[in-house]
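S.K.: Those protein sequence lines, which keep their order, are chains A and B. Start counting the first sequence at 1439; every next residue gets the next number (our numbering). Start counting the second sequence at 6; every next residue gets the next number (our numbering). Quick one: structure below, then a few questions.
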Amino acid sequence: MTKPKDYDDIPGTFVFDADRSREGYHLNMFCISLRLQVNRDAFRADPGTYLDRYPMNADQREAVLKREWNRLIELGGNIYYTSKLAAFDGITFQDLAAVMTHMDRDSYRAMMLAGGRPIEGNRYKSEWETK
Amino acid sequence: MARIVAGVGCSHVPAIGVAMDTHKTHEPYWAPVFRGFEFSRHWMRENRPDVVFLVYNDHCTAFSAEMIPTFALGCAAEFQPADEGWGPRPVPVVKGHQKLASHIAQSVILDEFDLTIMNRMEVDHGLTVPLSVMFGEVDEWPCAVIPLCVNVVQYPAPTGNRCYNLGKAVRRAIESYDDDLKVMVFGTGGMSHQLQHERAGLINPEFDKRFLDLLTEDPVAGSRITHLEYLREAGSEGIEMVMWHVMRGALNEHVREVHRHYHVPASNTAVGHIILENA
Chain A
1439 MTKPKDYDDI PGTFVFDADR SREGYHLNMF CISLRLQVNR DAFRADPGTY
1489 LDRYPMNADQ REAVLKREWN RLIELGGNIY YTSKLAAFDG ITFQDLAAVM
1539 THMDRDSYRA MMLAGGRPIE GNRYKSEWET K
Chain B
6 MARIVAGVGC SHVPAIGVAM DTHKTHEPYW APVFRGFEFS RHWMRENRPD
56 VVFLVYNDHC TAFSAEMIPT FALGCAAEFQ PADEGWGPRP VPVVKGHQKL
106 ASHIAQSVIL DEFDLTIMNR MEVDHGLTVP LSVMFGEVDE WPCAVIPLCV
156 NVVQYPAPTG NRCYNLGKAV RRAIESYDDD LKVMVFGTGG MSHQLQHERA
206 GLINPEFDKR FLDLLTEDPV AGSRITHLEY LREAGSEGIE MVMWHVMRGA
256 LNEHVREVHR HYHVPASNTA VGHIILENA
């Protein structure tokens, strides 16, 4: 049996390793396709037909259509890829981060201006269990 | 003989490029970020290199999930700024140095670093933002650039130690090149930041400061920072900092720190910048 991964006890973090890359391959290839205008136009015109080009699983497809940003990460998406879908929707990187952390745009921006999310209390999953 | 005169560490936050391209650098949010590069631009003019060897990572632009080289060396005559989904940045085409790049490829591969050779490659903000902050808005970049693209998107990135030793091999390559060229090495990315999921927005200034201190004073100790420590302490995207060790490995053991700049935030990220001269 393979050993548990030493980074799996970091809270709110899905390390994009080879396993996640394998699971998320078609999802990520869909997202990166939106880098090109011709593909953005095709996806906008008919999302379902466009998604048929990418053989992702039903959960991934649903997460794309519902724009469930955290679930996309949990299902093998990588942030540099899913951010292309966000950009397609006109969502900036910072606003995407706000959504993923369940904050409104102004609160997230204010947190960053005040020095960001502190490391204290955010190193281990055990520190989040009592939250 | 070609020689390495200095190293530059520099974040490559895409929003910094956007701020320059949309003329927002004097706005209160951005002014403190750019003030820290005023010295650097002056210093670059005074110490103008012939070639910059620029270590950076691609953000799923030139490489998608289809192909993930750990180290890819840009050997092309030029590199076009890429369209990352909102049009290419309005910056000059990046001119390579093909003779030196192919010499470096040959030398470091025989030195047992198995590089991928790129004879065609678009470059994204990871490469163009450091050039912009160091050179400002220019009609053409004032020197040739040899890109070294490092995978830090799919875990695992190369270790800090591997990057540090690659820097040493790059130095041996550059110093065995006959023409008299002044070379600088840039290490880019970082500093602490996490862009994904519920811990997004993480910033750890204590970690960043220690990283910069070690970079100057004890690079071997710095190169031994583990991946787990980067992920936990500096955020899942903070692991980009391994690329700074390539730059440090290419310098002398003892260096002179002539400039340091640190600011939070730029978008989701801590901005770090350092200039090290070979003592």
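The beta carbon of each residue, even a glycine, is placed where N, CA and C say it ideally should be. Since this is a predicted model, take the numbers as computed values, not measurements.
Suppose contacts are defined by Cβ-Cβ distances below 7 Å. Is G192 (chain B) in contact with R1555 (chain A) by that definition?
M.R.: Taking the first residue of the second sequence as position 1, residue 192 (chain B) is located at position 187. Taking the first residue of the first sequence as position 1, residue 1555 (chain A) is located at position 117. In this structure, R1555 (chain A) does not lie closer than 7 Å to G192 (chain B) by Cβ.
S.K.: Report yes if the CB atom of R1478 (chain A) is closer than 7 Å to the CB atom of F1531 (chain A), and no otherwise.
M.R.: For this step, residue 1478 (chain A) is matched to residue 40 along the first sequence. For this step, residue 1531 (chain A) is matched to residue 93 along the first sequence. Cβ atoms of R1478 (chain A) and F1531 (chain A): not closer than 7 Å.
S.K.: From the beta carbon of T1568 (chain A), is the nearest beta carbon of chain B less than 7 Å away?
M.R.: Here residue 1568 (chain A) is taken as the residue at index 130 of the first sequence, counted from 1. So no, T1568 (chain A) is outside the interface.
S.K.: For the alpha helix (DSSP H) containing M1467 (chain A), list its first residue and its last residue.
M.R.: Counting from 1 along the first sequence, the entry for residue 1467 (chain A) is found at position 29. Where M1467 (chain A) is concerned, the enclosing alpha helix (DSSP H) stretches over 1463-1471.
S.K.: Determine, using beta carbons only, whether K1504 (chain A) comes closer than 7 Å to chain B.
M.R.: Reading the first sequence from its first residue, position 66 is the one you call residue 1504 (chain A). Not closer than 7 Å to any Cβ of chain B, the Cβ of K1504 (chain A) fails to qualify, so no.
S.K.: Kindly identify the DSSP beta-bridge partner or partners of V56 (chain B).
M.R.: Locating residue 56 (chain B) in the second sequence gives position 51, counting from the first residue. Note: V56 (chain B) sits in a beta bridge opposite B:A149, B:V188.
S.K.: Between the segment 50-71 of chain B and chain A, which residues of the former have CB atoms less than 7 Å from a CB of the latter, in chain order?
M.R.: Going along the segment 50-71 of chain B in chain order, one finds H64, C65, S69, A70 with a Cβ nearer than 7 Å to chain A.
S.K.: Between the Cα of E229 (chain B) and those of B:P270, B:W249, B:G92, B:H198, spot the shortest distance and give me the residue it belongs to.
M.R.: For the purposes of this step, residue 229 (chain B) is taken as the residue at position 224 of the second sequence. According to the sequence shown, residue 229 (chain B) is Arg rather than Glu. Ranking the options by Cα distance to R229 (chain B), first place goes to B:W249.
S.K.: For Q201 (chain B) and chain A, any beta-carbon pair shorter than 7 Å?
M.R.: For the purposes of this step, residue 201 (chain B) is identified with residue 196 of the second sequence, where counting begins at 1. Cβ-Cβ to chain A under 7 Å: yes for Q201 (chain B).
S.K.: Would you say K1443 (chain A) lies against chain B (beta-carbon separation less than 7 Å)?
M.R.: The count along the first sequence starts at 1 and reaches residue 1443 (chain A) at position 5. Judged by the 7 Å Cβ criterion, K1443 (chain A) is not in contact with chain B.
S.K.: Less than 7 Å separating the beta-carbons of D213 (chain B) and M196 (chain B)?
M.R.: For the purposes of this step, residue 213 (chain B) is taken as residue 208 along the second sequence, with counting starting at 1. For the purposes of this step, residue 196 (chain B) is taken as residue 191 along the second sequence, with counting starting at 1. For D213 (chain B) and M196 (chain B), yes; Cβs fall inside 7 Å.
S.K.: I230 (chain B) by DSSP, collapsed to three states: which one?
M.R.: Reading the second sequence from its first residue, position 225 is the one you call residue 230 (chain B). Of the three classes helix, strand and coil, the one that applies to I230 (chain B) here is coil, per DSSP.
S.K.: Which full runs of the alpha helix (DSSP H) of 4+ residues lie inside the segment 14-85 of chain B, going along the chain?
M.R.: Qualifying alpha helix (DSSP H) stretches, in chain order: 19-26, 36-40, 43-51.
S.K.: How big is the Cα-Cα spacing for H259 (chain B) and L1489 (chain A)?
M.R.: Residue numbering aside, residue 259 (chain B) sits at position 254 when the second sequence is read from its first letter. Residue numbering aside, residue 1489 (chain A) sits at position 51 when the first sequence is read from its first letter. The alpha-carbon atoms of H259 (chain B) and L1489 (chain A) are separated by roughly 55 Å.
S.K.: Does A1406 (chain A) have its Cβ less than 7 Å from a Cβ in chain B?
M.R.: Residue 1406 (chain A) lies beyond the residue range present for chain A, which begins at 1439 and ends at 1569; the question has no answer from this structure.
S.K.: Runs of 4 residues minimum, wholly inside the segment 1452-1524 of chain A: which ones carry the alpha helix (DSSP H) assignment?
M.R.: The qualifying runs are 1456-1461, 1463-1471, 1475-1483, 1485-1489, 1496-1504, 1507-1512.
S.K.: Establish whether the CB of V1537 (chain A) and some CB of chain B are separated by less than 7 Å.
M.R.: Mapped onto the first sequence, residue 1537 (chain A) falls at position 99. With 7 Å as the cut-off, V1537 (chain A) does not count as an interface residue toward chain B.
S.K.: Determine, for S107 (chain B), whether the minimum Cβ-Cβ distance to residues of chain A falls below 7 Å.
M.R.: Residue mapping note: residue 107 (chain B) aligns to position 102 of the second sequence, counting from 1. S107 (chain B) does not count as touching chain A.
S.K.: For K104 (chain B), tell me which candidate among B:M126, B:F118, B:M246, B:V56 has the shortest Cα-Cα distance.
M.R.: Along the second sequence, read from residue 1 onward, the residue named residue 104 (chain B) stands at position 99. The residue with the shortest Cα to Cα distance from K104 (chain B) is B:V56.
S.K.: Which word fits G1462 (chain A), buried or exposed, when buried means at least 16 other C-beta atoms lie within 10 angstroms of its C-beta?
M.R.: Sequence index remark: in the first sequence, residue 1462 (chain A) carries index 24 (1-based). Buried.
S.K.: Under three-state DSSP, which class holds G240 (chain B)?
M.R.: Looking up residue 240 (chain B) in the second sequence gives position 235. The answer is coil: DSSP assigns G240 (chain B) none of H, G, I, E or B.
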